[in-house]
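In UniProt numbering, the protein residues as written are 1 to 97.
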Amino acid sequence: MTSLLTTFLSPAETAGHMLPCHDIGVADLFFSERPADLEQAKALCADCPLIQECRQGALDREEPWGVWGGAIFESGRIIAVKRGRGRPRKNRDLDAA
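Structure follows, in structure tokens:
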């Protein structure tokens, strides 16, 4: 991620923008196992000036997991939603009744 900063933005350009992935207090959200944390990380990316470059870089590198450029990556691909751990219920129709 540091190479993205030096390649696309000068220090003066990043001075007015706090890049959310560089905030130590929330850095773990971007690689969490919990779907809710990943959704929160995606929301933090929304105003980032490097969102497109970050996402494209992650696609090029085939990042194995995490939130990159406002998208959730798994096995080098973008997925819409991370499913929670565990096995889904077999009898979904019975649960709805």
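Idealized CB from N, CA, C, for every residue including glycine.
Since the model is a prediction, treat every value here as computed from it, not as a measurement.
Checklist entry - Taking residue 75 as the reference, which of 68, 45, 55 and 63 has the closest Cα? => result Taking the first residue of the sequence shown as position 1, residue 75 is located at position 75. Comparing C-alpha distances from residue 75 to each of 68, 45, 55 and 63 shows the shortest one belongs to 63.
Next on the checklist: My output table needs one value for residue 53: the three-state DSSP class, helix, strand or coil.
Outcome noted: Position 53 of the sequence shown, counted from the start, is the residue given in the question as residue 53. DSSP, read as helix, strand or coil, puts residue 53 in helix.
Item to check | Segment limits, alpha helix (DSSP H) that includes residue 41 | outcome: In the sequence shown, counting from the first residue as 1, residue 41 sits at position 41. Residues 35-45.
Item to check | Burial state of residue 71, where buried means 16 or more other Cβ atoms lie within 10 Å | outcome: Your numbering for residue 71 matches position 71 in the sequence shown. Result: buried.
Item to check | Counted within 10 angstroms of its Cβ, other Cβ atoms place residue 81 as buried (16 or more) or exposed | outcome: By 1-based counting over the sequence shown, the position of residue 81 is 81. Residue 81 is exposed by the Cβ-count criterion.
Next on the checklist: DSSP three-state label for residue 8, please.
Outcome noted: For the purposes of this step, residue 8 is identified with residue 8 of the sequence shown, where counting begins at 1. For residue 8, the pLDDT reaches just 49, beneath the cut-off of 50, and the residue's location in the model is therefore unreliable, although a value from the coordinates is still provided. Reduced to three states, the DSSP call for residue 8 is helix.
Item to check | Of the residues 83, 89 and 67, the one placed nearest residue 27, counting alpha carbons only | outcome: Taking the first residue of the sequence shown as position 1, residue 27 is located at position 27. Closest by alpha carbon: 67.
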